[in-house]
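Asker: Residue numbers (the working numbering), protein chains in the order written: chain A, 86 to 201; chain B, 3 to 115.
Quick one: structure below, then a few questions.
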């Protein structure tokens, strides 16, 4: 099946700094990528949808200036958490689709962000 | 809009016993249905999906699910579980051409020896 690689798997950063998470589709062109956030023992909450070459569409309640999403190529999307605070600590997961057929959701391995 | 309800937050079973994880959905449009498994600190792995056709769908690791339109359900089953099946399972729905997934809250399956 299709492979989506997410990096880093774990990151610890200081409060007030920014951290970038990468999501790459390794063997297909991802026209659309999704970013999710998962709180401990809870489900995945969709944060935003990004289409290659376009601005991301954010879900209600998600601060677009805090969670910057870039989808500059068909194989790479990045999520930057700006001015991170401890409450941003969470598990972030990306997924990617080529937009054809039934390819709806190939997921990355996730990134555990801890803000100290 | 779509929604997904996973009725059981936790399901403990003994090894080699059968298991059913329940999922109900609501949608105003035709849907595609998915089951994912998540191991600790990992992403989601697709177990199986229903797009159209046969209502009984077979997936990886011996899992299967049955789509029941009248009951708006998509329950996941396995006839004999292993310790390695211990994980969180998520049911998800996608409506129409929109590729966004709506997830249920998850069911923690714990297989005990």
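From the three backbone atoms N, C-alpha and C, an ideal C-beta is built for every residue, glycine too.
Using a C-beta to C-beta distance shorter than 9 Å, which residues of chain B count as neighbours of residue 162 of chain A?
Answerer: Correct list: empty, because the minimum Cβ distance to chain B is about 14 Å.
Asker: Using the Cα positions of residue 197 of chain A and residue 88 of chain B, report the straight-line distance between them to the nearest angstrom.
Answerer: About 21 Å.
Asker: Which class does residue 171 of chain A belong to by DSSP, given the choice of helix, strand or coil?
Answerer: It is helical.
Asker: Would you say residue 140 of chain A faces chain B, with C-beta separation under 9 Å as the test?
Answerer: Residue 140 of chain A does not count as touching chain B.
Asker: Report the three-state DSSP secondary structure of residue 43 of chain B (helix, strand or coil).
Answerer: Of the three classes helix, strand and coil, the one that applies to residue 43 of chain B here is coil, per DSSP.
Asker: Identify, in the order they occur along the chain, each residue of the same chain with its Cβ nearer than 6 Å to the Cβ of residue 221 of chain A, setting aside the five sequence neighbours on each side.
Answerer: The structure shown does not extend to residue 221 of chain A, since chain A spans only 86 to 201, so no value can be given for it.
Asker: Buried or exposed: residue 162 of chain A, going by 16 or more other Cβ atoms within 10 Å of its Cβ?
Answerer: With 16 or more Cβ atoms within 10 Å of its Cβ, residue 162 of chain A is classed as buried.
Asker: Which one or two residues does DSSP pair with residue 81 of chain B in a beta bridge?
Answerer: Paired residues: none, contrary to the question.
Asker: Counting Cβ pairs closer than 8 Å, one from the segment 10 to 17 of chain B and one from the segment 94 to 113 of chain A, do we hit at least three?
Answerer: No, they do not touch.
Asker: Could you pull the start and end residues of the beta strand (DSSP E) that residue 98 of chain A belongs to?
Answerer: Its beta strand (DSSP E) spans residues 95 to 98.
Asker: Closest Cβ-Cβ distance between residue 91 of chain A and chain B: below 9 Å?
Answerer: Residue 91 of chain A counts as touching chain B.
Asker: Which residues in the same chain as residue 102 of chain B place their Cβ atom closer than 8 Å to its Cβ, once the five residues preceding and following it in sequence are excluded?
Answerer: Result list for residue 102 of chain B: 96, in chain order.
Asker: Hey, residue 8 of chain B and residue 107 of chain B are a contact pair by Cβ (cut 8 Å); roughly how many whole angstroms apart?
Answerer: Residue 8 of chain B to residue 107 of chain B, Cβ: 6 Å. Contact.
Asker: Among A:137, A:146, A:173 and A:144, which has the Cα closest to the Cα of residue 156 of chain A?
Answerer: It is A:137 whose Cα lies nearest to the Cα of residue 156 of chain A.
Asker: In terms of residue numbering, what span does the beta strand (DSSP E) encompassing residue 146 of chain B cover?
Answerer: For chain B, the structure presents residues 3 to 115; residue 146 of chain B sits outside this window and is missing.
Asker: Starting from the beta carbon of residue 128 of chain A, find every residue of chain B whose beta carbon is closer than 7 Å, and list them in chain order.
Answerer: Correct list: 92, 105, 106, 107 and 108.
Asker: Is it buried or exposed for residue 171 of chain A, if we count other Cβ within 10 angstroms and need 16 for buried?
Answerer: Looking at its Cβ environment, which holds fewer than 16 other Cβ atoms inside 10 Å, residue 171 of chain A is exposed.
Asker: How would you list, in chain order, the residues of chain B whose beta-carbon sits under 8 Å from the beta-carbon of residue 178 of chain A?
Answerer: Residues of chain B passing the Cβ test: 45 and 46.
Asker: So residue 27 of chain B is in the beta strand (DSSP E); what residue range does that whole segment cover?
Answerer: Element bounds for residue 27 of chain B: 26 to 29.
Asker: DSSP on residue 86 of chain B, reduced to helix/strand/coil?
Answerer: Helix, per DSSP.
Asker: Taking all protein chains shown into account, do 16 or more other C-beta atoms lie within 10 angstroms of the C-beta of residue 154 of chain A, making it buried, or fewer, making it exposed?
Answerer: Its Cβ being crowded by 16 or more others within 10 Å, residue 154 of chain A is buried.
Asker: Go ahead and pull the three-state DSSP assignment for residue 97 of chain B.
Answerer: DSSP places residue 97 of chain B in strand when its eight states are reduced to three.
Asker: Between A:87, A:146, A:92 and A:166, which has its C-alpha nearest residue 99 of chain A's C-alpha?
Answerer: The candidate whose alpha carbon is nearest that of residue 99 of chain A is A:166.
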